[in-house]
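Asks: Structure provided below as structure tokens; questions to follow.
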Amino acid sequence: MIKERSFLNRDRATVTCMVQADNPDRIRYLVEKARAEGAEAIGMQFCRMKPEYRSREVYKELFDFASPLPVYVTNYRPMENAGKSDEVLAEELIELAECGATLCDVMGDTFDRPEGEPTIVGGPTKNDVAIKKQIELIEKLHERGAEVILSSHLMKFTPADEVLEIAREYERRGADIAKIVVEANSMEEQIENLRILDLLKRSVKIPFLFLSGGESRIIRLIGGSLGSCMSLCVYERDDFATKAQPLLRDMLLVRDGING
Numbered sequence: 006m007i008k009e010r011s012f013l014n015r016d017r018a019t020v021t022c023m024v025q026a027d028n029p030d031r032i033r034y035l036v037e038k039a040r041a042e043g044a045e046a047i048g049m050q051f052c053r054m055k056p057e058y059r060s061r062e063v064y065k066e067l068f069d070f071a072s073p074l075p076v077y078v079t080n081y082r083p084m085e086n087a088g089k090s091d092e093v094l095a096e097e098l099i100e101l102a103e104c105g106a107t108l109c110d111v112m113g114d115t116f117d118r119p120e121g122e123p124t125i126v127g128g129p130t131k132n133d134v135a136i137k138k139q140i141e142l143i144e145k146l147h148e149r150g151a152e153v154i155l156s157s158h159l160m161k162f163t164p165a166d167e168v169l170e171i172a173r174e175y176e177r178r179g180a181d182i183a184k185i186v187v188e189a190n191s192m193e194e195q196i197e198n199l200r201i202l203d204l205l206k207r208s209v210k211i212p213f214l215f216l217s218g219g220e221s222r223i224i225r226l227i228g229g230s231l232g233s234c235m236s237l238c239v240y241e242r243d244d245f246a247t248k249a250q251p252l253l254r255d256m257l258l259v260r261d262g263i264n265g
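Structure follows, in structure tokens:
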């Protein structure tokens with residue numbers, strides 16, 4: 006039996022409609038449309054929200070509005086979060102968990118951020134101090150009832166052994182789900198990514214989300230039917246939507262066509 010609002014222990018990948026907006030009204034609009042079209046979960050990206058709306062009251066209202074759908078949240082470094090330290094971003098994640106977020110995204114290099122402009126692109130940290138702090142953060146999120154997804158946006162074609170190593174390391178750190186985003190720009194790379202997805206399914210104990218950017222990214226449409234625990238999509242293509250993510254209606258059509 007699965008928890009009422011959970012991304013774990015489901016019998017198929019959770020079709021998750023990602024919502025990116027800078028104000029609560031737009032988020033509510035997209036949630037309402039996505040729910041009516043068949044979304045099974047909502048993803049709210051708070052790195053997009055204007056500072057004046059970042060409050061417990063707003064978070065609770067939005068999570069209640071999305072109910073009964075579970076809510077996946079990100080609080081990445083760029084955009085409206087530019088200038089915040091990783092420590093501040095982590096405290097904000099804890100606050101989101103306390104307000105009812107179901108699944109919290111912790112970047113794999115949290116507490117060991119790369120130099121330069123704030124970015125989500127990078128692999129998992131190998132810094133022992135940062136890893137210890139990540140494990141402590143994951144424990145705090147779990148204590149508040151949230152599930153945790155550890156993420157790496159590598160944004161390059163990545164060999165199978167490296168992908169598997171990251172997923173296993175994220176399991177060791179205490180994540181409930183390992184998220185790894187690579188890239189493919191040829192049919193050969195795309196086919197290899199499909200093979201890697203199958204390797205993850207057979208070799209990794211925790212659920213995973215394996216995605217690809219680049220020109221060859223069919224895995225975003227069919228990955229949920231082949232082993233990934235989530236399928237990320239958007240309701241419509243506006244200025245905030247991630248271009249690589251398929252439309253919700255297309256995701257449901259492909260998923261239902263494959264699975265019958």
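Residue numbering for the sequence shown follows the working numbering, beginning at 6 and increasing consecutively.
Beta carbons: idealized from backbone N, C-alpha and C, even for Gly.
Beta-carbon within less than 6 Å of Gln50's beta-carbon, same chain only, minus the 5 sequence neighbours each way: which residues are those?
Replies: Within the same chain, and ignoring the five residues on either side of Gln50 in sequence, the residues whose Cβ sits closer than 6 Å to its Cβ are Gln25, Thr79.
Asks: Along the beta strand (DSSP E) that carries Lys184, what are the first and last residues, could you check?
Replies: 182 to 188
Asks: Report the residue ranges of all beta strand (DSSP E) runs contained in full by the stretch 130 to 177; include only those spanning at least 3 residues, in chain order.
Replies: With a minimum length of 3 residues, the continuous beta strand (DSSP E) runs that stay inside the stretch 130 to 177 are 152 to 158.
Asks: Taking its Cβ as the centre, do 16 or more other Cβ atoms sit within 10 Å of Lys131, making it buried, or is it exposed?
Replies: exposed
Asks: Look at the alpha carbon of Val337 and the alpha carbon of Ile223, and state the distance between them as a whole number of angstroms.
Replies: Absent from the structure is residue 337, since the part of the chain shown begins at 6 and ends at 265.
Asks: What residues in its chain sit with their C-beta under 7 Å from that of Lys55, if we drop five residues either side in the sequence?
Replies: If the five residues before and after Lys55 are omitted, its C-beta is found closer than 7 Å to the C-beta atoms of Asp27, Asn28, Glu85, all from its own chain and listed in chain order.
Asks: DSSP state of Asp16, grouped into three classes?
Replies: coil
Asks: Fully enclosed by the stretch 193 to 247, which alpha helix (DSSP H) runs are 4 residues long or longer?
Replies: Counting only runs of 4 or more, we get 224 to 231.
Asks: Given Val259, which residues of its chain have a CB within under 7 Å of its CB, disregarding the five upstream and five downstream residues?
Replies: Excluding sequence neighbours, Val259 sits near Leu226, Ile227.
Asks: So, do the stretch 57 to 75 and the stretch 89 to 109 have three or more beta carbon pairs nearer to each other than 8 Å?
Replies: In this structure the stretch 57 to 75 touches the stretch 89 to 109; the number of beta carbon pairs closer than 8 Å is three or more.
Asks: Exposed or buried, which one is Lys65 when buried takes at least 16 other CB atoms within 10 Å?
Replies: exposed
Asks: With Asp110 as the anchor, note down where its beta strand (DSSP E) starts and where it stops.
Replies: Residues 108 to 112.
Asks: Express the C-alpha separation of Ala151 and Ala102 in angstroms, rounding to a whole number.
Replies: 6 Å
Asks: Select from Asp244, Asp114, Glu170 the residue whose C-alpha is nearest the C-alpha of Val126.
Replies: Asp114
Asks: Of the residues Arg178, Leu231, Thr163, Leu13, which one's Cα is nearest the Cα of Lys145?
Replies: Arg178
Asks: To the nearest angstrom, how far is it from the Cα of Ser208 to the Cα of Val168?
Replies: 11 Å
Asks: Does DSSP classify Gly179 as helix, strand or coil?
Replies: In this structure, Gly179 counts as coil in the three-state DSSP scheme.
Asks: On the DSSP letters alone, give me the boundaries of the beta strand (DSSP E) that Val36 sits inside.
Replies: Note, Val36: premise wrong, no beta strand (DSSP E); alpha helix (DSSP H) at 29 to 42.
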